[in-house]
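Trainee: Note that the working numbering has the sequence shown beginning at 980, numbered continuously upward. Cβ atoms here follow ideal geometry from the backbone N, Cα and C, with glycine treated the same way. For clarity, every value in this text was computed on a predicted model and none was experimentally measured.
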Amino acid sequence: MNKKTVERRFVRMAQVARDFHLARLRECTNAGGIDGTFQLDELETFEHHRKLKPVTMAVLIERKSYFIVHTRAGQLAARGRRTEAQQERLEVIQKEEGKRRSASRACVRECFEALGNVLASDLPIRLQTDKKCTYPTECKRANFPRALYHRTTDSRKRRDYRNLLFPINHTLAMMRDGMSCLVRRSWGAAKKIKGLQRHAWLWTAYRNYVRGVTVKTRTTPAQSAGVCDQRWQLKEVLRWRWP
């Protein structure tokens, strides 16, 4: 099979998965929106090189249902100690692409904007995160003047079931397990941020609307969160067309 054909179909399926998810959120908003406690965190990966081209991905979920509201990938600045060869390579990259600057704030803000659009208008935002100082700032900027109730915990605490952030930690672990481009230090890592974001849309659609919250239940995160009232099959999602 031609590699370009595979890539073209991958791009198309990712677009359908993204639009399917956004359409379900619009339907939910028109029906009154969703309620719940939400958690946000970022995972780190890279494109091509771990030190020279690191990448962040912000993920926002509803805590009880594990429903993924939004994900956004963006670049991070080059980091860490570099060898002379790596420094030379970084200079070449900067000449071609410009200096890498952190897009973490923009990714986080986009997640909070998506939350503000789907949350019932008369409800405050109940948010749980680690102690990164940019999270409450960006949430308030994206959803002013909505009230914010923010609870934090130390990210260095043991990440077991008793941890406040267990749902988002578990979701990020499932993403690393289910998305081949999030593997650590392997040739399978993402080559472009656009490709990583497309893969994330496909996985989000599968996780929210196809797979049950647990192996023992057939109820999906979207059903549990009240976003939709049916469980979808993967082929139904990918065959979906705009209404």
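1. Is it the case that the Cβ atoms of A1099 and D1014 are separated by a distance below 8 angstroms?
2. Since Y1128 sits in a beta bridge, which residues does DSSP pair it with?
3. In this structure, does DSSP put Q1054 in helix, strand or coil?
4. Using beta-carbon positions only, say whether T1050 and A1179 come within less than 8 angstroms of one another.
5. Please state whether DSSP places V1038 in a helix, a strand or coil.
6. Output needed for W1211: all residues of its chain with C-beta closer than 7 angstroms, excluding positions within five of it in sequence on either side, in chain order.
7. Looking at the structure shown, is V1071 part of a helix, part of a strand, or coil, going by DSSP?
8. Considering just the uninterrupted stretch of the beta strand (DSSP E) at L1001, what are its terminal residues?
9. How far does the alpha helix (DSSP H) with Q1176 in it reach, from first residue to last?
10. If you reduce the DSSP assignment to three classes, tell me which class L1022 lands in.
11. Say whether the region 1034 to 1054 touches the region 1141 to 1153, bearing in mind that this needs 3 or more beta-carbon pairs closer than 8 angstroms, one atom from each stretch.
12. Given that a residue counts as buried once 16 or more other Cβ atoms are within 10 Å of its Cβ, and exposed if not, what is E1026?
Mentor: Taking the structure as given:
1. Their beta carbons are under 8 angstroms apart, which means A1099 touches D1014 by this criterion.
2. Paired residue(s): R1105.
3. Correct three-state label for Q1054: strand.
4. For T1050 and A1179, yes; Cβs fall inside 8 angstroms.
5. DSSP, reduced to helix, strand and coil, places V1038 within a strand of the structure shown.
6. If the five residues before and after W1211 are omitted, its C-beta is found closer than 7 angstroms to the C-beta atoms of Y1188, V1189, all from its own chain and listed in chain order.
7. Judged by DSSP in its simplified three-state form, V1071 adopts helix.
8. No beta strand (DSSP E) contains L1001, which is instead part of the alpha helix (DSSP H) from 982 to 1009.
9. For Q1176, the enclosing alpha helix (DSSP H) begins and ends at 1172 to 1188.
10. The three-state reading of DSSP puts L1022 in strand, counting E and B together.
11. Contact between the region 1034 to 1054 and the region 1141 to 1153 is present, because at least three Cβ pairs lie under 8 angstroms.
12. By the 10 Å Cβ count, E1026 comes out buried.
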